[in-house]
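Residue numbers (UniProt numbering): 1 to 101.
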């Protein structure tokens, strides 16, 4: 039987959680933007802003913990690029929502 390293398993679990979080957050951003551009419901916009804020905090926590492993491979570059991109998109959509409210 093979002996598995706990740090290696933890890294893979965190990466899996990150890649589950990423599309869920992208769908949330699309829903928020769609609501803002079509109906612009004030109460729903406030809920979306709260969800976006909480998801950005959760994603940031995942991102920073993954960065603590200090791996210098292609996967780390993909995670870094995708996180920066989704953070910029979320701030932009937040500004659009606040501007329409």
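Beta carbons are placed, not taken as given, at the ideal position from N, Cα and C, and that holds for glycine. Bear in mind that the values here come from a model prediction, so they are computed numbers and not experimental data.
{"Asked": "Residues of its chain near residue 75, where Cβ-Cβ distance is below 8 Å and the 5 sequence neighbours each way are ignored", "Found": "15"}
{"Asked": "Cβ pair residue 31, residue 55 closer than 8 Å", "Found": "no"}
{"Asked": "Status (buried if at least 16 other CB within 10 Å, exposed otherwise) for residue 66", "Found": "buried"}
{"Asked": "Within 8 Å, strictly: CB atoms of residue 94 and residue 49", "Found": "yes"}
{"Asked": "Whole-number beta carbon distance between residue 79 and residue 18, since they are thought to touch under 8 Å", "Found": "6 Å"}
{"Asked": "Which listed residue (8, 33, 59) has its alpha carbon closest to that of residue 47", "Found": "33"}
{"Asked": "Same chain only: Cβ atoms within 7 Å of residue 11, ignoring 5 sequence neighbours per side", "Found": "69"}
{"Asked": "For residue 77, the first and last residue of its enclosing alpha helix (DSSP H)", "Found": "74-100"}
{"Asked": "CA nearest to the CA of residue 26, picked from 72, 98, 51, 100", "Found": "51"}
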